[in-house]
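Numbering (our numbering), first residue to last: 76 to 271.
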């Protein structure tokens, strides 16, 4: 609780006022939405054999469309804000690395290889926001209309890279083992008992 209070004070120091803080939280939420479309398609590629409770038709079209829409919303959040949020995420990386070191760096290289697309995507989007249209806080280096086209192209490229970087993790392998064991138990006939 004290840690949360400290983080709240830091946020209020850097983002003065409720309106600014609400905008920061909104942009951070949009960034969290970026991983969903990539994750669902990576799981369809690398865990297609595993049972799932829900199957949404048309996901190969819906997922890239959702990623592009989230990228456009991130771009429309305006330049100084997108840069601040990305800087905030980068500032939080040492905390992640600290906890990763406590777990012994198991699978860290493979996880980093799978996450490079996102680590590169965020600064590229900040750069597009900086160079984009002045109406969105940029310097206007990329002309109106072309900035949105650039965001769509960049988003689709990073989406493809994100899906391609998916892999069958240790957790997926363990889940597959548990599922196979569970289905094998379901197939064994139950012993017949007689009352009496």
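In this text, a Cβ means the ideal position worked out from N, Cα and C, and glycines have one as well.
The structure displayed is predicted, hence computed values, not measured ones.
Exercise. Is the number of C-beta pairs between the region 233-243 and the region 182-198 that are closer than 8 angstroms three or more?
Worked result: Contact between the region 233-243 and the region 182-198 is present: 3 or more CB-CB pairs across the two stretches fall below 8 angstroms.
Problem set entry | Delimiting residues of the alpha helix (DSSP H) encompassing residue 200 | Taking the chain shown and counting its residues from 1, the one referred to as residue 200 is at position 125. Element bounds for residue 200: 183-206.
For this session: Give a yes or no on whether the C-beta atoms belonging to residue 149 and residue 116 are separated by under 9 angstroms.
Result: Here residue 149 refers to the residue found at position 74 when the chain shown is read from its first residue. Here residue 116 refers to the residue found at position 41 when the chain shown is read from its first residue. With contacts defined by Cβ atoms closer than 9 angstroms, residue 149 and residue 116 do not form a contacting pair.
Exercise. Alpha carbon to alpha carbon, what distance is there between residue 188 and residue 121?
Worked result: As a working note, residue 121 is residue 46 in the chain shown. As a working note, residue 188 is residue 113 in the chain shown. Going by the C-alpha atoms only, they are around 15 angstroms apart.
Problem set entry | Under the three-state DSSP convention, the category residue 95 falls into | Counting from one through the chain shown, the residue named residue 95 turns up at place 20. Secondary structure of residue 95 (DSSP, three-state): helix.
For this session: Starting from the C-beta of residue 108, find all residues in its chain whose C-beta is less than 7 angstroms away, skip the five residues before and the five after it, and write them out in chain order.
Result: For the purposes of this step, residue 108 is taken as the residue at position 33 of the chain shown. Cβ within range, chain order: 145.
For this session: Decide if residue 234 is buried, meaning its Cβ has at least 16 other Cβ atoms within 10 Å, or exposed.
Result: The count along the chain shown starts at 1 and reaches residue 234 at position 159. Counting Cβ neighbours within 10 Å, residue 234 comes out buried, since at least 16 surround it.
Exercise. So what's residue 155 in DSSP terms, helix, strand or just coil?
Worked result: The residue you call residue 155 lines up with position 80 of the chain shown. Reduced to three states, the DSSP call for residue 155 is helix.
Problem set entry | Neighbour-count burial assignment, residue 211, 16 or more Cβ in a 10 Å radius | Locating residue 211 in the chain shown gives position 136, where the first residue counts as 1. Buried.
Problem set entry | Beta-carbon proximity list for residue 154, same chain, < 6 angstroms, skipping 5 on both sides | As a position in the chain shown, residue 154 is number 79, starting the count at 1. The answer, listed in chain order, is 204, 205, 212 and 213.
Problem set entry | Of the residues 133, 86, 124 and 197, the one placed nearest residue 254, counting alpha carbons only | In the chain shown, residue 254 corresponds to position 179, counting from 1. Measuring C-alpha to C-alpha distances from residue 254 to each of 133, 86, 124 and 197 identifies 124 as the nearest.
Exercise. Under a three-way DSSP split, which group does residue 244 fall into?
Worked result: As a position in the chain shown, residue 244 is number 169, starting the count at 1. Shown here, residue 244 sits in coil according to DSSP, grouped into three states, outside any helix or strand.
Problem set entry | Span separating the alpha-carbon of residue 271 from that of residue 250 | The residue labelled residue 271 in the question sits at position 196 within the chain shown. The residue labelled residue 250 in the question sits at position 175 within the chain shown. Confidence is the limiting factor: at residue 271 the pLDDT is only 45, short of 50, which leaves the residue's position unreliable, though a coordinate-based value still follows. Using only the alpha carbons, I get a separation of about 41 angstroms.
Exercise. Short check: CB of residue 106 to CB of residue 170, under 9 angstroms?
Worked result: The sequence position of residue 106 within the chain shown is 31, counting from 1. The sequence position of residue 170 within the chain shown is 95, counting from 1. Contact flag unset, no.
For this session: Leaving aside the five residues before and after residue 226 along the sequence, list all residues of the same chain whose C-beta is less than 7 angstroms from its C-beta, in chain order.
Result: Position 151 of the chain shown, counting from 1, holds the residue named residue 226. Excluding five sequence positions before and after residue 226, the CB atoms of its chain that fall closer than 7 angstroms to its own CB belong to 146, 147, 150 and 203, given in chain order.
Exercise. Expressed to the nearest angstrom, what Euclidean distance is found between the alpha-carbon atoms of residue 157 and residue 182?
Worked result: The residue given as residue 157 occupies position 82 in the chain shown. The residue given as residue 182 occupies position 107 in the chain shown. A straight-line Cα-Cα distance of about 30 angstroms links residue 157 and residue 182.
Exercise. Which residues bound the alpha helix (DSSP H) around residue 232?
Worked result: Position 157 of the chain shown, counted from the first residue, corresponds to residue 232. Per DSSP, the unbroken alpha helix (DSSP H) holding residue 232 starts and ends at 221-239.
For this session: Classify residue 127 as helix, strand or coil using the three-state DSSP reduction.
Result: In the chain shown, the residue the question calls residue 127 occupies position 52. If DSSP states are grouped into helix, strand and coil, residue 127 belongs with coil.
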